Amino acid sequence: MMNIEWDADKYTKDFSFVNQYGTALLDMIDGENLSVLDLGCGNGSLTKKLIDAGFEAEGMDASDELLKTARETYPYINFLSGDATEFSVDNKYDVVFSNAVFHWIDKEKQLPMLENVYNALKNNGQFIFEMGGYGNNAIIHEALKTEFDKRSIKYVMPFYFPTIGEYTQKLEQAGFLVRSAVLFDRPTELNGCNGLYDWIHMFVKTPFRDLAEEIQEDIINSAVMKLKPELFKDGKWYADYVRLRCKALRNEYYQLRSY
């Protein structure tokens, strides 16, 4: 699903805001006692919150590191190993739920992933998710690109951040009836005095993969210094997040009418 290895302990300790913000998605689920697949469940904290809210939830993730943490922390929850671009299920769900996952998936794999989600849902099943949207962390990525350019190294954007129009078109192509979609700014406080440095180390790994460690450190430190006037406020670091939040339905009547 995503070409990255996670430091599960550090993710859980220093980047808990990812899951905390995802809690707002629970309010978008209509109904009670529904079966829910938490797709890209990570360390399982949102799967746990789904269960606490009264849903019959289980999680799925492609990261062995994060699944190990999830299973150790919540041994009574069922966690499945699976890739969002390839998975299939025997028993369909009332809801597929996902937070901060889909922007990690390459653009060309988005439609196959959405088709897998569609096939995992019951008729009238709900697909509720949030991902990075157009403009997400643009200030940070531009600063990193500038530092790469100074060293004549190509900066390859490791994420997919679509507009509302682009992504709702993909949802409809996969057969979904889109009920809501919103793109919104969400400046996000980072943890600690080295918050931005740590954030880049945790989340922006692909562009640095083949670079010597000293070059990596030079680029990151230079970018952090450049970004400090804009993203360090009142003693705290912030990331310029932009989120795309959507709700769509697997509605077979809608799909029939579309042909």
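With my numbering as the guide, the letters of the sequence shown map in order to residues 177 to 435.
Every residue gets a Cβ at the ideal spot worked out from N, C-alpha and C, and that includes glycine.
All values reported here derive from a predicted model rather than from experimental measurement.
For residue i and chain C, any beta-carbon pair shorter than 9 Å?
i      : result
Tyr414 : Among the chains of the structure shown, chain C does not appear; only one protein chain is present.
Could you pull the start and end residues of the beta strand (DSSP E) that residue i belongs to?
i      : result
Phe231 : Segment: none, Phe231 is in no beta strand (DSSP E) and carries neither H nor E.
Asp203 : Run containing Asp203: none; DSSP gives neither H nor E here.
Does the separation of the CB atoms of residue i and residue j fall below 9 Å?
i      : j      : result
Tyr310 : Leu420 : yes
Val418 : Phe379 : no
Met204 : Ser356 : yes
Lys224 : Tyr250 : yes
Arg426 : Asn312 : no
Would you list the one or two residues that DSSP bridges to residue i?
i      : result
Asn275 : Glu306
Thr364 : Ala415
Tyr269 : Leu297
Leu359 : Leu420
Leu353 : Leu425
Val212 : Ala233 and Val271
Phe255 : Gly235
Ignore the nearest five residues each way along the sequence and tell me which others in residue i's own chain have a CB closer than 6 Å to its CB.
i      : result
Lys285 : Thr261
Ser256 : Checking the sequence, you will find Leu at residue 256 rather than Ser. So the qualifying residues of the chain are Met236.
Ile340 : Ala357 and Leu359
For residue i, which residues in the same chain have their Cβ closer than 8 Å to its Cβ, ignoring the five residues on either side in sequence?
i      : result
Asp206 : Gln302
Looking at the unbroken alpha helix (DSSP H) that takes in residue i, where does it start and where does it end?
i      : result
Ser398 : Glu389 to Leu407
Phe324 : Ala314 to Lys326
Leu372 : Gly371 to Phe379
Asp410 : Premise fails: Asp410 is in no alpha helix (DSSP H) and is neither H nor E.
Thr245 : Asp240 to Thr249
In chain order, what residues of the same chain lie with their CB nearer than 7 Å to the CB of residue i, ignoring the 5 residues before and after it?
i      : result
Glu428 : Asn299
Phe384 : Gln392
Between the stretch 207 to 224 and the stretch 255 to 272, do at least 3 Cβ pairs fall closer than 8 Å?
yes
Evaluate contact between the stretch 317 to 324 and the stretch 382 to 402, counting only Cβ atoms and requiring at least three cross-stretch pairs below 8 Å.
yes
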